[in-house]
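As they're listed, the protein sequences go chains A and B. In case it helps, this note's numbering puts the first sequence at residues 1 to 292. In case it helps, this note's numbering puts the second sequence at residues 293 to 346. For each residue, glycine too, the CB sits at the ideal point set by N, CA and C. Written out below as C-alpha cells is the structure these notes cover.
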Amino acid sequence: MKVELGVLASRIRLEEKMLVKRARKREDVNLTIVDPREFRWSESDLRHLDVLLDREISQSRAYHIMELLSSTGITLVNDFQTVQLCGDKAFTSVQLKKHGVPTPDFRVAFDRESALRAIEDIGYPAVLKPVDGSWGRMVSKIDNRESAEATLEHKSQLDSHFHSIYYVQDFVETGNKDIRAFVLDQDVIGAAYRESDHWITNAARGGESRAYPLTDELEDIVQATSEVFGGGALAVDLLESERGLLINEVNCSMEFKESMKVIDRDIAAELLDYTVEQVKVSEEVTQDRCLA
Amino acid sequence: MANCPECGTEIDLPEDTIKNEILDCPTCGLELEVVSLDPAEVDLAPEEEEDWGE
C-alpha cells in the first residue's frame, strides 16, 4: 500500500524540487503538493494524507496549519510542538538551558528600558534578535550603550508586535563562521561550516559552506538538542566557543541546498525516507496504545 | 513557452518544472514564480515577507 505524502509548500525552491523529484521516483509514495495559499481549514481537504512534510516558507502559515492538522491523525514532520519551539528563539533557549544543553547566555525583555538593562547585563558586544526571525533578518550586533539606545529606539518604531519582545544573546566571537548540523531524531547525518565576510553567516545572506567532520562532541550536543525538541527533522546551528560547542538556533524546516554541496549524503533523500518512515512509527504507536 | 511579465522574454520551461517553482528571468533577472504549467505561465514571485525562513 502506498504512503500518501503531502508536502506543504507555497514556494518550490531547489530543496523542495529535490524532495518532489525523489518522491515522484518512489513506487511506495503518492505525492500531493499542498499550497498553503489554497488551503482552507477543513479536515476533509487533506484527509487522504498519511503524512505531511512542512516545507512552507512562511513560518506563521506553517505554524497555524500544523496546529490545525495536529488533531486530524495525519502524521506531521515536524509535529506542532517542535514547530512551536523552533519558531521562538526565547522558547528554544529556555528549553536548552533547562535541559543543560550548552547555549549562549541570553535575556528576554518586554519593554525598551528593561531591554537596555538586559543588554547591559549581558555585556557588550551583545546580539539583539527578533524572537521569531530567520535568515539573519533584523539581527543587530550591539557594541556599546549608544548603539543599544539607537537600535532600541528604531525597533520601537516597527509595527510587528514581535518587535516588542527583546531577545538578547551574548555575542560569541567565532571568526565569522558557524556550524550547521542536520539530525533526524538521533541520527546526525552531516554538518558543515557556514563562513562569511560578515558576522551573520546565514546561507540566505551569502554564507558559504565548508565540510565539517562529525565529531563525538558535535554528535552528542546535537543528539541532546534533538531530545529536548522531541526528535524530528532539525537543522541545528552551533557556535565554536571557549566553552566548547554551543547551540545557537534550531530550525524545523531545514534549508540544506548550500550544505549539500559539501556533505556527502543526500539530505533530500534522507529527509524523505525519514518522513515516510514516520507513518510506520505512528502506526506502531497506535497499535501499542490499542493493545495496552 | 511562458513570457516574463516584466521584460516579455520568452521562457521555455523544462519538462520537470513544478507549479509554484521559482526561477530567474534569463534576461532581466527578476525572480519569477511558475503559476501554471498548462498553459505555461509565470508571474512575479512574491516578495520576501517578515515571517519567511526556516
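For R13 of chain A, the nearest CB of chain B lies under 7 Å from its own CB, placing it at the interface with that chain.
Ranked by how close their Cα comes to the Cα of K311 of chain B, the residues A:V7, A:R145, A:Y193 and A:K25 have A:V7 in first place. For Q169 of chain A, the closest Cβ of chain B is not nearer than 7 Å.
DSSP places S259 of chain A within a helical segment (H, G or I) once states are collapsed to three.
Contact annotation, N248 of chain A with D178 of chain A: C-beta distance approximately 6 Å; criterion of less than 8 Å satisfied. Residue environment: D159 of chain A is assigned as exposed (fewer than 16 neighbouring CB atoms within 10 Å of its CB, all protein chains considered). Residue environment analysis places G175 of chain A among the exposed positions, since fewer than 16 neighbouring C-beta atoms fall within 10 angstroms of its C-beta. Considering only A:E277, A:Q287, A:C290 and A:D35, the residue with the shortest C-alpha distance to V77 of chain A is A:E277. Under the Cβ criterion of 7 Å, S134 of chain A is counted among the residues facing chain B. With a contact defined as Cβ atoms closer than 8 Å, L329 of chain B and L315 of chain B miss out at about 13 Å. The DSSP-derived three-state label of I165 of chain A is coil. In terms of Cβ geometry, L14 of chain A and K257 of chain A form a close pair [threshold 7 Å]. Contact annotation: Y193 of chain A and R205 of chain A have beta-carbon atoms that are not nearer than 7 Å. Within chain B, the residues placing a beta-carbon under 8 Å from that of V20 of chain A are I310, ordered along the chain.
Under the DSSP assignment, R61 of chain A falls outside any beta strand (DSSP E), being part of the alpha helix (DSSP H) whose first and last residues are Q59 to L69.
Annotation: Cβ neighbours of Q59 of chain A in chain B (cutoff 9 Å, chain order): D343, W344, G345 and E346. Beta bridge pairing from DSSP links K311 of chain B with no other residue. When DSSP assignments are scanned along the stretch 145-216 of chain A, the uninterrupted stretches of beta strand (DSSP E) that are 3 or more residues long and fall wholly within it turn out to be 166-170, 177-184, 187-195 and 208-211.
Boundaries around L76 of chain A are those of the beta strand (DSSP E), T75 to V77, since no alpha helix (DSSP H) includes it. Under the three-state reduction of DSSP, F80 of chain A is assigned to helix. Taking a Cβ-Cβ cut-off of 9 Å, the neighbours of D35 of chain A in chain B comprise K311 and N312, given in sequence order. In this structure, N30 of chain A lies away from G136 of chain A, with their beta-carbon atoms at least 7 Å apart. In the DSSP assignment, T92 of chain A falls within the alpha helix (DSSP H) that extends over K89 to K98. In the displayed model, V279 of chain A falls within a helix according to three-state DSSP. Rounded to whole angstroms, E307 of chain B and E342 of chain B show a C-alpha spacing of 33 Å.
Taking a contact to require three or more Cβ pairs closer than 8 Å, the stretch 145-160 of chain A and the stretch 234-246 of chain A do not qualify as touching.
Distances from the CA of T103 of chain A to each of A:D237, A:E284 and A:C290 were compared; the closest alpha carbon is that of A:D237. Membership of V236 of chain A in the beta strand (DSSP E) is indicated by the continuous run A233 to S241. Between the alpha carbons of K97 of chain A and G133 of chain A lies a distance of about 20 Å.
Of all alpha-carbon atoms in A:T286, A:E240 and A:V183, the one lying nearest the alpha-carbon of V250 of chain A is that of A:V183. Residue contact check for E249 of chain A against chain B: no CB pair falls below 7 Å.
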